[in-house]
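Numbering follows the numbering used here, in which position 419 of the sequence shown is assigned residue number 435; successive positions increment by one, without gaps. Below you'll find the structure, written out as structure tokens, and then a few comments.
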Amino acid sequence: MPKRSRKDTDPAAKELFKGTGIVVVVKEKSPVQAATWRRRLGEALQGVFTASEVYESMAVDEKTTHVVCAVEWEEALAEHIDTLIGSRTVAVVAGEWLYQAIGRHAFPVESDHRWKSSPNRRKREGAATARFSDDDDDDDEEEVVVFAKYACMRATTVEGNVNSRITGYLCELGSWWEFGILDADEEGPYRARVAILCKIVSLLKVWPVELTPQTWSTERRKLAKQYHVDERSTSKNGGWLVLLDALVAGKEPTRPDTVEKWSADPRRRAVRGMRLLKCGIGREEARRLEDRGVSGGEDLVARRDDPDLDVPENVQRALRLALVGPSARPMDETETLAFVGALLAAAAAASLKAEIVGSYRRGKIGGHDLDILLAPQCDPSVDTDRVPPQREIRDAHFDDFFATLALSSPLGVQEELRGIGHGKVKHSKRDDRLIVRHVVFRSLAVPGAFRHVDVVLAPPSIWAHALLGWSGSRNFQRSIREFTSHCHDHNWRDTKGIEIKGKRGWNLDANGERTFPAVEGRALDLRRREHWHWSQAGLFIVSGSTTSKDRPILHLYEEDNAHFQKEADIFHFFGLDYRAPRERCA
């Protein structure tokens with residue numbers, strides 16, 4: 017068989033670039049990528065640099081004719097490249113210019129491919145307004161409000177959701193996409209779809225107009241102007257809008273991965289049922305159990321002791337207390353308030369600061385579980401040179417709380433469910449800040465039922481962060497992390513006119529430990545691609561990708577989180593309007 021020709025070794029492509037000098041700026045560089053560019057451009061390639069290397073080692077000389085930026089536009093980076101070019105005649109173009117030149121064997125018009133900030137992105141920042149042409153009304157322009165990009169910038173209440181039917185279906189669809197996947201090659205695509213779907217659900221929950229067949233024509237055009245609705249489409253005309261077309265009209269969606277189609281697959285139904293138990297069963301384990309005849313979650317609970325299934329011991333223990341049978345019946349208001357009173361009374365008797373968090377704090381009564389956040393009133397282990405607190409001191413606080421609860425409360429037998437879980441700062445050794453114990457109690461109202469309680473112990477220094485994170489909702493919490501990571505990125509400009517700078521804190525060494533003494537807070541160094549990183553464990557300045565598995569986050573600076581006495585301090589630090597817990601139901 018003759019060897020197939022490769023475009024990146026096409027002699028005509030190399031001939032085109034003779035006499036030019038090209039510098040390429042990429043997001044990430046690898047030896048394979050550098051070799052690929054060398055084959056494509058030949059001697060015309062003067063170098064390949066990452067955005068951070070531009071500041072350190074990139075040079076522009078008399079032979080340079082083009083700087084190709086295959087990265088998103090950043091103001092600081094653009095200004096530095098202009099400084100390097102000086103008075104020379106060098107074209108700064110986007111990566112698409114080079115791709116078209118290679119593919120077409122001709123140089124595209126440089127002015128059509130200038131590297132610059134996207135005008136659409138500039139128009140749609142924050143709660144700005146946008147205009148679109150209405151083809152049905154003689155091209156009259158109509159002003160459309162573009163909602164804030166992140167859910168943490170919007171007040172979302174349960175009562176304000178006039179599209180609960182549609183958002184309920186989308187939440188169920190997201191559950192199938194998250195827990196009903198079978199193959200490893202579905203992991204990546206559906207994880208991305210779930211992430212975008214969560215953002216769309218958050219948007220629809222604050223949409224002020226009920227989406228009906230009568231209003232859909234107008235509202236559809238407005239939705240098309242919003243963030244995320246058109247992203248990650250499965251069709252050229254917008255997969256999300258096509259999905260909403262069917263839901264508004266009350267028709268079955270045509271997608272091959274809808275609730276109706278996936279729930280009709282017995283294999284997916286069984287895998288989802290087992291994973292929804294949240295008893296430590298992953299995708300591969302669920303598939304193995306399904307191969308041995310398990311038809312779903314309730315069937316697995318009933319057969320948990322079957323030796324033929326070979327269920328791990330820790331999973332067996334969790335299955336005994338799974339939310340099936342009587343335990344699946346939610347708590348009523350009376351039972352919920354009884355649990356709340358008993359938990360808070362035990363915390364007060366043990367001299368612990370306490371707050372009921374989770375959905376209860378957002379105004380929802382009932383459900384199957386409760387979350388309580390605890391902190392020592394005065395913890396000698398939380399100081400400037402001992403973080404995290406010693407395990408012995410933490411365990412002593414837990415022991416006092418549970419002993420008091422057992423002696424003075426009306427709650428039934430308590431049992432730890434899945435051991436101790438750690439709230440971790442990603443890619444750091446400082447992983448003992450938040451300690452979670454999953455405990456179950458016998459129901460006060462339903463015979464044979466168990467109620468789950470997550471008991472979280474936090475140091476006083478990060479009380480505000482832990483309170484904000486554990487209050488939810490999950491989408492609201494996720495949006496805060498995204499916002500804090502991007503709020504200083506010059507591509508977003510979500511904090512116009514605000515220079516966010518830490519108050520004081522500590523630089524961190526390579527092991528993630530504080531270096532002393534305490535230093536004055538500082539702003540971000542965009543040349544090192546730094547950004548803020550927030551979680552329930554506190555606030556940091558970090559360098560590196562928040563998603564890449566190959567390039568871990570490097571913590572460079574830790575804010576003195578004790579300065580944040582209440583949740584509002586965190587909102588105001590980033591220029592956000594404070595949202596009360598009832599307004600965080602994104």
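Cβ coordinates follow ideal geometry from the N, Cα and C atoms, glycine included. As the structure is a prediction and not an experimental result, all values here were calculated from the model.
Coil, strand or helix - I586 by DSSP: If you number the sequence shown from 1, residue 586 lands on position 570. Looking at I586 - three-state DSSP - the assignment turns out to be helix.
Looking at T274: is its Cβ nearer than 9 Å to the Cβ of L368? Numbered from its first residue, the sequence shown carries residue 274 at position 258. Numbered from its first residue, the sequence shown carries residue 368 at position 352. No, these two residues do not count as a Cβ contact at 9 Å.
Buried or exposed for I514, please, with buried defined as at least 16 other CB atoms from any protein chain shown within 10 angstroms of its CB. Taking the first residue of the sequence shown as position 1, residue 514 is located at position 498. The residue is exposed, with fewer than 16 neighbouring Cβ atoms inside 10 Å.
Candidates K132, Q242, K45 and R104: closest to E90 by CA position: Here residue 90 corresponds to residue number 74 of the sequence shown, with the count starting at 1. If we check each option's Cα against that of E90, K132 comes out closest.
Which partner residues of I372 appear in the DSSP bridge assignment? For the purposes of this step, residue 372 is identified with residue 356 of the sequence shown, where counting begins at 1. Bridge partners of I372: I388.
Within the continuous alpha helix (DSSP H) that includes D315, where are the two ends? Your numbering for residue 315 matches position 299 in the sequence shown. Annotation for D315: the continuous alpha helix (DSSP H) segment containing it runs G313 to A318.
Figure out for me which residue from H82, A51 and E44 has the closest Cα to the Cα of K34. Here residue 34 refers to the residue found at position 18 when the sequence shown is read from its first residue. Looking at the Cα atoms, H82 is the closest of the given residues.
Beta-carbon gap between K221 and T270 smaller than 9 Å: In the sequence shown, counting from the first residue as 1, residue 221 sits at position 205. In the sequence shown, counting from the first residue as 1, residue 270 sits at position 254. Between K221 and T270, the gap from beta carbon to beta carbon reaches 9 Å or more.
Quick check: what's the CA-CA separation for A584 versus L483? Within the sequence shown, residue 584 is the residue found at index 568, counting from 1. Within the sequence shown, residue 483 is the residue found at index 467, counting from 1. Those two C-alpha atoms are separated by around 11 Å.
Using 9 Å as the threshold, is the C-beta distance between V76 and G58 below it? Here residue 76 refers to the residue found at position 60 of the sequence shown. Here residue 58 refers to the residue found at position 42 of the sequence shown. No, the pair does not count as a contact, with Cβ atoms beyond the cut-off.
Since I believe G374 is in contact with W278 (beta carbons under 8 Å), could you give me their beta-carbon distance rounded to a whole number of angstroms? As a position in the sequence shown, residue 278 is number 262, starting the count at 1. As a position in the sequence shown, residue 374 is number 358, starting the count at 1. W278 to G374, Cβ: 29 Å. No contact.
For M169, the three-state DSSP class (helix, strand or coil): As a position in the sequence shown, residue 169 is number 153, starting the count at 1. It is helical.
Going along the chain, which residues of its own chain have a beta-carbon closer than 7 Å to the beta-carbon of N577, five neighbours each way excluded? Position 561 of the sequence shown, counting from 1, holds the residue named residue 577. The answer, listed in chain order, is S477, I478, H481, G554 and L555.
At which residue ranges does the region 524-575 contain complete alpha helix (DSSP H) runs of 4 or more residues, listed in the order of the chain? Along the region 524-575, the alpha helix (DSSP H) does not occur as any fully enclosed run of 4 or more residues.
Of the residues L293, R299, R291 and E306, which one's Cα is nearest the Cα of P282? The residue labelled residue 282 in the question sits at position 266 within the sequence shown. Comparing Cα-Cα distances from P282 to each of L293, R299, R291 and E306, the minimum goes to E306.
Status (buried if at least 16 other CB within 10 Å, exposed otherwise) for F589: Position 573 of the sequence shown, counting from 1, holds the residue named residue 589. Under this definition F589 is a buried residue.
Burial state of Y594 (16 or more Cβ within 10 Å): If you number the sequence shown from 1, residue 594 lands on position 578. Around the beta-carbon of Y594, fewer than 16 other beta-carbon atoms lie within 10 Å, marking it exposed.
Give me the Cα-Cα distance between L93 and D525, rounded to the nearest whole angstrom. Numbered from 1 along the sequence shown, position 77 holds the residue referred to as residue 93. Numbered from 1 along the sequence shown, position 509 holds the residue referred to as residue 525. In a straight line, the C-alpha of L93 is about 27 Å away from that of D525.
If contacts are defined as beta-carbon pairs under 8 Å, then R291 and F195 qualify, I think. What distance do you get, rounded to the angstrom? Mapped onto the sequence shown, residue 291 falls at position 275. Mapped onto the sequence shown, residue 195 falls at position 179. That belief holds up - the Cβ atoms of R291 and F195 are roughly 4 Å apart, short of 8 Å.
Below 8 Å on the Cβ atoms is my guess for I496 versus W550; work out the distance and round it to an integer in Å. Here residue 496 is taken as the residue at index 480 of the sequence shown, counted from 1. Here residue 550 is taken as the residue at index 534 of the sequence shown, counted from 1. Rounded to the nearest angstrom, the Cβ distance from I496 to W550 is 6 Å, consistent with a contact under 8 Å.
If we call anything under 9 Å between Cβ atoms a contact, is A545 one with G560? Position 529 of the sequence shown, counted from the start, is the residue given in the question as residue 545. Position 544 of the sequence shown, counted from the start, is the residue given in the question as residue 560. As written in the sequence, residue 545 is Arg, which differs from the Ala given in the question. Yes, Cβ-Cβ distance for R545 and G560 is below 9 Å.
Short check: CB of Y243 to CB of K165, under 9 Å? Taking the first residue of the sequence shown as 1, we reach residue 243 at position 227. Taking the first residue of the sequence shown as 1, we reach residue 165 at position 149. Between Y243 and K165, the C-beta gap is smaller than 9 Å, which places the two residues in contact.
Thinking L325 and R319 are a contact (beta carbons under 8 Å), I'd like their distance in whole angstroms, please. Here residue 325 refers to the residue found at position 309 when the sequence shown is read from its first residue. Here residue 319 refers to the residue found at position 303 when the sequence shown is read from its first residue. About 6 Å separates the two Cβ atoms, so the contact holds.
Helix or strand or just coil, what does DSSP make of F457? For the purposes of this step, residue 457 is taken as residue 441 along the sequence shown, with counting starting at 1. Of the three classes helix, strand and coil, the one that applies to F457 here is strand, per DSSP.
Taking the C-alpha atoms as reference points, what is the distance between R181 and D315? Walking along the sequence shown from the start, residue 181 turns up at place 165. Walking along the sequence shown from the start, residue 315 turns up at place 299. Taking the straight line from one Cα to the other gives about 30 Å.
Could you compute how far the alpha carbon of D261 sits from the alpha carbon of T500? Your numbering for residue 261 matches position 245 in the sequence shown. Your numbering for residue 500 matches position 484 in the sequence shown. In a straight line, the C-alpha of D261 is about 33 Å away from that of T500.
Tell me whether T99 is buried or exposed, calling it buried when 16 or more other Cβ atoms sit within 10 Å of its Cβ. Position 83 of the sequence shown holds residue 99. Burial check for T99: the Cβ neighbour count within 10 Å stays below 16, so the residue is exposed.
D348 and G382 closer than 9 Å at C-beta: Translated into positions along the sequence shown, residue 348 becomes position 332. Translated into positions along the sequence shown, residue 382 becomes position 366. Going by C-beta atoms, D348 is nearer than 9 Å to G382.
So what's T352 in DSSP terms, helix, strand or just coil? Residue 352 sits at position 336 when you count from the first residue of the sequence shown. The answer is helix: DSSP assigns T352 an H, G or I state.
Am I right that R603 and C295 are in contact with their C-beta atoms under 8 Å? What's the rounded C-beta distance? There is simply no residue 603 to check, as the chain begins at 17 and stops at 602 in what is shown.
What's the call for T183, buried or exposed, on a 16-neighbour Cβ count within 10 Å? Position 167 of the sequence shown holds residue 183. By the 10 Å Cβ count, T183 comes out buried.
Using the DSSP secondary-structure output, state which residues sit across from W522 in a beta bridge. The sequence position of residue 522 within the sequence shown is 506, counting from 1. The partner list for W522 (beta bridge, DSSP) reads E574.
Per DSSP, cross-strand counterpart(s) of T66: Locating residue 66 in the sequence shown gives position 50, where the first residue counts as 1. Note: T66 sits in a beta bridge opposite V42.
Find the nearest neighbour of V245 within the set E202, W256, R207 and K238, judged by alpha-carbon distance. In the sequence shown, counting from the first residue as 1, residue 245 sits at position 229. In terms of Cα proximity to V245, the closest of E202, W256, R207 and K238 is W256.
Buried/exposed call for T231, threshold 16 Cβ in 10 Å: If you number the sequence shown from 1, residue 231 lands on position 215. Around the CB of T231, fewer than 16 other CB atoms lie within 10 Å, so the residue is classed as exposed.
Quick check: what's the CA-CA separation for P597 versus S459? Taking the first residue of the sequence shown as position 1, residue 597 is located at position 581. Taking the first residue of the sequence shown as position 1, residue 459 is located at position 443. Going from the Cα of P597 to the Cα of S459 covers about 27 Å.
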